[in-house]
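Counting in the working numbering, the final residue of the sequence shown is number 498, and the numbers go up one at a time with none missing.
Just so it is clear, CB atoms sit at the ideal spot from N, CA and C, and this is done for glycine as well.
In this text the structure is predicted, and so the values were computed from the model without any measurement.
Data first, discussion second: the structure below is written as structure tokens.
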Amino acid sequence: MSPLVTAPSPAVPRQVLAARTGVAVVFALNGLAVASWFSRVPAVRDSLGLSAGRLGLLLLAMSGGAVLALTTAGLVTQRLGAARTVVASTVLVAVGMAGVGMAAGMTGSLAGVAMALFALGYGSGTCDVAMNVEGAAVEKRLGRTILPRFHAAWSLGSVAGAGIGAVAARVGVPIGTHLAVLAAVVLAGTILGARAFLPAQPAPDTAATRRGGLLAAWREPRTLLLGLLVLVMAFAEGSANDWLAVAFVDGYGTSEAVGAAVFGVFVTGMTIGRTAGTVALDRWGRVPVLFATILLAAFGAAVAVLAGSGPVAIAGVALWGLGASLGFPVGMSAAADDEDRAPARVSVVAVLGYTSFLAGPPLLGLLGDRVGTLHALLVVPLLLLPTLALVPVTRPPAHPASR
């Protein structure tokens, strides 16, 4: 049996089980899309002749698109429903992927790559909120923790994307061909997966009601603290996505293919943590599990940077991925504890979380110009340790109804 699918209970309707599979497929394909781009970052950097600082500014285009999308993604999901939002946003993801490959591999246009990355980020950010809202709804109907397993599906897709990227780099597949083919696969598979989503719930009566719900979520202390927690955990994950392959190429002198493979080790650790983490969360609860995993992520990131030995550093990368695996999905799940307010609250938490993707690439890029890309990653453990103080906010409220 797939690690993403638990044994079905006879009491669970077939529609919910089908939706569970559909959500897992969408998460996996979104991970495949994003990791396909990240696995070819060193090649794009070399093709465009960018320094670490200029590469960080280029990566800002994707992060900016994602953050801009998240400001309205909750409202769009409420209006269109999760399924239609996922499909529409994945069209943008596919256009962005193909555009990056064409601009970087064929025309060498920095502006073209930036615009394509903006489209990729905008589509991915919108899809992120919609698929998390749908995943939380499925989790409620199943009556057990499963959202981290959907994020494990995302990580599994990332493993596939990193692996395909490593092979493509090794055998010299052009960036344009690689990303265009995968863009078509991602779009076709997402359309099929979204067809199995739960029926859309009736939207609030008026646009004013929707705006009021979103504004109210921005005034909730618990939602804001969850957003801050997710921000740091997204930084711990996103810094590896953006810089790990480059850091190993520059810091440990590996080839581009080995750098992509090291990124694959990270997402493999993420996948294992998110698959096994649901059992730990159901047994011990969010707070103790997050304490343990955040400490593990901080230790692993420090080892990855300071080991001085390639194999030891790779072991640190695996621990980093394992420890960083649960913060983001648990934060999203906590934001959706009240299903009626889930779109607004998930949107707020996602906006705050994705701020790290906006600030992280240029911050680490500029720091990398001064201390080296590898040592710039020491920012990760330095941010993770104070974040332990935020973990108790993930505890489910005694009365989850809207206050």
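- 9 Å or more divides the Cβ of A471 from the Cβ of A291.
- Around the beta carbon of A279, fewer than 16 other beta carbons sit within 10 angstroms, so the residue counts as exposed.
- Distances from the CA of T468 to each of I389, W338, S404 and A402 were compared; the closest alpha carbon is that of W338.
- For the 9 Å CB-CB criterion, L150 and G460 form a contact.
- The beta strand (DSSP E) runs lying completely inside the stretch 404 to 428 and spanning 3 residues or more number zero.
- One thing to note: A255 has its Cβ within 9 Å of the Cβ of L127.
- Secondary structure of W313 (DSSP, three-state): coil.
- Short of 6 Å from the beta carbon of V266, and not among the five residues preceding or following it, lies no beta carbon of its own chain.
- C-alpha of L237 to C-alpha of G416: approximately 27 Å in a straight line.
- Nearest C-alpha to M197 among R140, T272 and R135: T272.
- The alpha-carbon of F423 is positioned some 11 Å away from that of A430.
- Boundaries of the alpha helix (DSSP H) around I270: I270 to A289.
- Note that the C-beta distance between L326 and F386 is not below 9 Å.
- Inter-residue distance for P243 and L462 is about 32 Å (C-alpha atoms, whole angstroms).
- If only uninterrupted alpha helix (DSSP H) runs of at least 4 residues are considered, those enclosed by the stretch 127 to 170 are 136 to 143.
- C-alpha of S142 to C-alpha of L154: approximately 15 Å in a straight line.
- For P383, the enclosing alpha helix (DSSP H) starts and ends at R381 to L401.
- A direct Cα-to-Cα measurement between G372 and L421 gives close to 7 Å.
- The stretch 210 to 268 contains, as complete alpha helix (DSSP H) runs of 4+ residues, the segments 242 to 266 (chain order).
- Per DSSP, the unbroken alpha helix (DSSP H) holding T482 starts and ends at V474 to T482.
- Using a Cβ distance threshold of 9 Å, P476 and A402 do not count as a contacting pair.
- Taking the Cα positions, R317 is about 47 Å away from V268.
- DSSP places A295 outside any alpha helix (DSSP H), giving it a letter other than H or E.
- For L187, the enclosing alpha helix (DSSP H) has its first and last residue at A177 to M197.
- Taking every protein chain shown into account, the CB of L310 has fewer than 16 other CB atoms within 10 angstroms, so this residue is exposed.
- Residue range T468 to A471 is occupied by the alpha helix (DSSP H) that includes A471.
- Going by beta carbons, A355 and A419 fall outside the 9 Å limit.
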